[in-house]
Amino acid sequence: MSVDAATVRRIAHLARIAVSEDEVPHLQGELNAMLAFVEQLSEVNVEGVEPMTSVTPMQMKKRLDLVNDGEIADDIVANAPATEGHFFLVPKVVE
Amino acid sequence: MTDLTSLTLAEARKGLAAKTFTSLELTDAHLSAIEAARVLNAFVMETPDQARSMAREADAEIAKGDAGPLAGIPLGIKDLFATKGVRTTACSKILGNFVPTYESTITSQLWRDGAVMLGKLNNDEFAMGSANETSCFGPVANPWRRDGSNATLVPGGSSGGSASAVAALLCMGATATDTGGSIRQPAAFTATVGIKPTYGRCSRWGIVAFASSLDQAGPIARSVRDSAMLLRSMAGHDPKDTTSVDIPVPDYEAAIGQSVKGKRIGIPREYRLDGMPAEIEKLWSEGAAWLKAAGAELVEVSLPHTKYALPAYYIVAPAEASSNLARYDGVRYGLREQGKNIHELYENTRAEGFGAEVRRRVMIGTYVLSAGYYDAYYLRAQKVRTLIKKDFEDCFAGGVDAILTPATPSAAFGIGEKGGADPVEMYLNDIFTVTVNMAGLPGIAVPAGKDAQGLPLGLQLIGRPFDEETLFSLGEVIEQAAGRFTPARWW
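Protein chains in written order, with the working numbering: chain A, 1 to 95; chain B, 1001 to 1491.
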């Protein structure tokens, strides 16, 4: 399988990465090189094989449904580019 | 006092205990070495004040006689580990001036045991690379050069700063991480020892995530014993990482010097690649002969799905990366590029903040997870992964204790030499190491010799899950036979 220019633009949008028109052909070439490389997986017979979900044979641990952390709002917003009090600031999203 | 930097960690521990020198002297010697080696670009942040204050504390503990196992030992920390109050960037512009308000579990365990932080080490951006060329702080130089050449070589990646700093005697050991070979390949390129432990052995909490089902931290050090000492402090169960395993951490150092008599060592025929350089082939046979001379038994084994590990990795790892890196949105931390609306803000921030390799992997990951392609790519890759793991399980069930392979398909190469036109050329560096991540197994790279141009080459040992001890025992046999290698100083 390979991707065309329209698909490259669609993937970039899904990934939320701005891509300019003149970057598209280059990216298309690189993505297609990677897709050509992974194409060899189609040779493998995976009939009846379970997909891996955990590399170590262990039960997923579950935490108790208890509050064990918190009251650190200052820490949470400490590295934010724009804040007001304990809120993150973003451009207006609701008209 | 500069000769203090040439001690191994084990030797330094003895000297500190005997009060031959203090941690402050040892730390100062390393801080001077770092200053004199800035041309290597191994450190992206030096923390001399913090280092000296930690060294003074360690000296006080040593004087009191209740020092931890790493008391006073100066270490470098890969910039992927969150360090409280010290800028942590994963060497990406998108994290900008991120200063964590918390400490990663692994580093907190190192400080608990008395270690001293010298600073933060360069790496490939988000650990995506095999040459340390994708860092937003620029490439790292390998302290090794070809005989009679001034050309700068890469130290490997993604833990290139860790490997370069340890090889150049700038720190006694370093933390590193390995998703497809990022500890073992740079260790092999710099004649250092690097171990990627079993998945789940070390906590991933507080380490910037790349591909969560493959990422595992480990040390890079100058000897097998040093790496065993560091892993003991780094490993252990952490309730904050649900994939970390709750089993006791052995005294890994006790495995050094244990007899390897009767150990069965698998030599996998699929690792004998067409066009493999003769010197790699020779190194591999020599390594096998050393283990045999120490009493181990060699058996040829087959891992039939080996050739599919790298392509399956380049689906699984980017898929997980695209999901992990969704958090970099320009809102909660790091870089922000303005836009007319929130969508443009996201897109502009991520276009500006991510480097080319990261953008490429996030996009591939997004594609293979997108509607209509998930089954063909991601699901199939995870099935292939099951088969890769089964190859190893069959091999171990047949009585094999460990598997010996080359660590890399070549020695270090020049900056800008690989992957310019085709990204896959760079990816092939990890051909011998990536299988181990796919199967969650432990793997150690040990220096084993040099190529015709005088560059170091390493061998890899792959072990059963949670049997790092056998790797340390076998690794030390190789180290004893091959000797240790130090680069000639040119910086």
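C-beta: ideal position from N, C-alpha, C; glycine also.
Note that the structure is predicted; figures quoted are calculated from it, not measured.
Please name the residue or residues paired with B:ILE1444 in a DSSP beta bridge.
As a first step, residue 1444 of chain B is located in the second sequence; it is residue number 444 there, counting from the start. According to DSSP, which records beta bridges pairwise, B:ILE1444 is partnered with B:ILE1195, B:LEU1461.
How long is the line joining the alpha carbons of B:ASP1391 and B:ARG1112, rounded to whole angstroms?
As a first step, residue 1391 of chain B is located in the second sequence; it is residue number 391 there, counting from the start. As a first step, residue 1112 of chain B is located in the second sequence; it is residue number 112 there, counting from the start. So the alpha carbons of these two residues sit roughly 39 Å apart.
Quick one: any contact between the stretch 1456 to 1475 of chain B and the stretch 1183 to 1192 of chain B, if contact means 3 or more CB pairs under 8 Å?
Judged by pairs of C-beta atoms under 8 Å, the stretch 1456 to 1475 of chain B touches the stretch 1183 to 1192 of chain B, as three or more such pairs exist.
Neighbouring residues, chain B, relative to A:ASN32 (Cβ below 7 Å)
As a working note, residue 32 of chain A is residue 32 in the first sequence. Neighbours of A:ASN32 on chain B: none; closest Cβ ~10 Å, over 7 Å.
Alpha carbon of B:ALA1071 to alpha carbon of B:ALA1217, nearest angstrom:
By 1-based counting over the second sequence, the position of residue 1071 of chain B is 71. By 1-based counting over the second sequence, the position of residue 1217 of chain B is 217. Distance between the alpha carbons of B:ALA1071 and B:ALA1217: 21 Å.
Chain A contacts from the stretch 1339 to 1356 of chain B (Cβ-Cβ distance under 9 Å):
GLY1339, LYS1340, ASN1341, ILE1342, HIS1343, GLU1344, LEU1345, TYR1346, GLU1347, ASN1348, THR1349, ARG1350, ALA1351, GLU1352, PHE1354, ALA1356
Roughly how many whole angstroms lie between the Cα atoms of B:PRO1442 and B:GLY1236?
One-based indexing of the second sequence puts residue 1442 of chain B at position 442. One-based indexing of the second sequence puts residue 1236 of chain B at position 236. Distance between the alpha carbons of B:PRO1442 and B:GLY1236 is about 15 Å.
Pick from B:LYS1418, B:VAL1384, B:PHE1021: whose alpha carbon is nearest that of B:GLY1129?
Residue mapping note: residue 1129 of chain B aligns to position 129 of the second sequence, counting from 1. Comparing Cα positions, the closest option is B:LYS1418.
For the beta strand (DSSP E) that contains B:GLY1475, what are its first and last residues?
In the second sequence, counting from the first residue as 1, residue 1475 of chain B sits at position 475. Note, B:GLY1475: premise wrong, no beta strand (DSSP E); alpha helix (DSSP H) at 1468 to 1482.
Spatial distance of B:ALA1254 from B:LEU1404 (CA atoms):
Residue 1254 of chain B sits at position 254 when you count from the first residue of the second sequence. Residue 1404 of chain B sits at position 404 when you count from the first residue of the second sequence. Those two C-alpha atoms are separated by around 22 Å.
Should B:THR1020 go down as buried or exposed, given a rule of 16 or more other Cβ atoms within 10 Å for buried?
The residue given as residue 1020 of chain B occupies position 20 in the second sequence. Exposed, by the Cβ-count rule.
Given a cut-off of 8 Å on the beta-carbon distance, is the pair B:ASP1241 and B:SER1203 in contact?
To locate residue 1241 of chain B, count along the second sequence from 1; it is residue 241. To locate residue 1203 of chain B, count along the second sequence from 1; it is residue 203. Yes. Within cutoff.
Can you give me the Cβ contacts of B:ALA1445 inside the same chain, cut-off strictly under 6 Å, excluding the 5 residues immediately before and after it?
Along the second sequence, one-based indexing puts residue 1445 of chain B at 445. Only ARG1184, ALA1187, ALA1188, GLY1194, ALA1407, GLY1458, GLN1460 meet the Cβ criterion.
Between the stretch 1091 to 1108 of chain B and chain A, which residues of the former have CB atoms less than 7 Å from a CB of the latter, in chain order?
The residues in question are PHE1098, VAL1099, THR1101.
Contact criterion: CB-CB distance below 8 Å. Does A:ASP75 meet it with respect to chain B?
For the purposes of this step, residue 75 of chain A is taken as the residue at position 75 of the first sequence. With 8 Å as the cut-off, A:ASP75 counts as an interface residue toward chain B.
Using only the alpha-carbon positions, how far apart do B:VAL1224 and B:GLY1160 sit?
Taking the second sequence and counting its residues from 1, the one referred to as residue 1224 of chain B is at position 224. Taking the second sequence and counting its residues from 1, the one referred to as residue 1160 of chain B is at position 160. About 19 Å.
Return no unless some Cβ of chain A is closer than 8 Å to the Cβ of B:THR1002.
The residue you call residue 1002 of chain B lines up with position 2 of the second sequence. Because B:THR1002 carries a pLDDT of 48, less than 50, the predicted location of this residue cannot be relied on, and the following value inherits that uncertainty. For B:THR1002, no Cβ of chain A is located within less than 8 Å of the residue's own Cβ.
Touching by the beta-carbon criterion (3+ pairs, under 8 Å), the stretch 1109 to 1126 of chain B and the stretch 1070 to 1087 of chain B
yes
Do B:ARG1201 and B:PHE1466 have their C-beta atoms closer together than 8 Å?
Within the second sequence, the letter at position 201 stands for residue 1201 of chain B. Within the second sequence, the letter at position 466 stands for residue 1466 of chain B. Yes, the pair counts as a contact, with Cβ atoms nearer than the cut-off.
May I ask which residues mark the beginning and end of the beta strand (DSSP E) holding B:ASP1178?
As a first step, residue 1178 of chain B must be located in the second sequence, where it is residue number 178. Counting along the chain, the beta strand (DSSP E) containing B:ASP1178 begins and ends at 1173 to 1178.
Would you please verify whether the beta carbon of B:TYR1252 is less than 8 Å from any beta carbon of chain A?
Looking up residue 1252 of chain B in the second sequence gives position 252. Not closer than 8 Å to any Cβ of chain A, the Cβ of B:TYR1252 fails to qualify, so no.
Return the residues of the stretch 46 to 77 of chain A that lie within a Cβ-Cβ distance of less than 7 Å from chain B, sorted by chain order.
VAL46, VAL49, GLU50, PRO51, MET52, VAL55, THR56, MET58, MET60, LYS61, ASP75
Proximal chain B residues relative to A:ARG16, where beta-carbon distance stays under 7 Å
As a working mapping, residue 16 of chain A is identified with position 16 in the first sequence. Neighbours of A:ARG16 on chain B, chain order: TYR1346, GLU1347, ARG1350.
is_contact[A:GLU84, chain B] using C-beta, thresh 8 Å:
Reading the first sequence from its first residue, position 84 is the one you call residue 84 of chain A. No, no contact with chain B.
Interface residues of chain B around A:PHE37 at Cβ under 7 Å?
Indexing the first sequence from 1 puts residue 37 of chain A at position 37. By Cβ distance, chain B contributes PRO1311, TYR1314, VAL1424.
Can you check whether the CB of B:MET1438 is closer than 8 Å to the CB of B:ARG1361?
The residue given as residue 1361 of chain B occupies position 361 in the second sequence. The residue given as residue 1438 of chain B occupies position 438 in the second sequence. Their beta carbons are not under 8 Å apart, which means B:ARG1361 does not touch B:MET1438 by this criterion.
Got a sec, what are the start and stop residues for the alpha helix (DSSP H) A:MET34 sits in?
Position 34 of the first sequence, counting from 1, holds the residue named residue 34 of chain A. Segment 24 to 38, the alpha helix (DSSP H) holding A:MET34.
Less than 8 Å separating the beta-carbons of B:VAL1099 and A:ASN79?
Position 99 of the second sequence, counting from 1, holds the residue named residue 1099 of chain B. Position 79 of the first sequence, counting from 1, holds the residue named residue 79 of chain A. Their beta carbons are under 8 Å apart, which means B:VAL1099 touches A:ASN79 by this criterion.
Taking only beta-carbon positions, decide if A:VAL24 is within less than 8 Å of chain B.
Here residue 24 of chain A refers to the residue found at position 24 when the first sequence is read from its first residue. Taking a beta-carbon distance threshold of 8 Å, A:VAL24 does not count as an interface residue toward chain B.
Among B:GLY1475, B:SER1410, B:VAL1434, B:GLY1156, nearest to B:ALA1452 - alpha-carbon criterion
For this step, residue 1452 of chain B is matched to residue 452 along the second sequence. Comparing Cα positions, the closest option is B:SER1410.
Against chain B, with Cβ distances strictly below 8 Å, would A:PHE87 count as a contact?
For the purposes of this step, residue 87 of chain A is taken as residue 87 along the first sequence, with counting starting at 1. Cβ-Cβ to chain B under 8 Å: no for A:PHE87.
Residue interval of the beta strand (DSSP E) (run including B:GLN1216):
As a first step, residue 1216 of chain B is located in the second sequence; it is residue number 216 there, counting from the start. Run containing B:GLN1216: 1216 to 1221, per the beta strand (DSSP E) assignment.
Please confirm if A:ALA12 has its CB atom under 8 Å from at least one CB of chain B.
Position 12 of the first sequence, counted from the start, is the residue given in the question as residue 12 of chain A. Taking Cβ atoms only, chain B reaches closer than 8 Å to A:ALA12, which makes this a yes.
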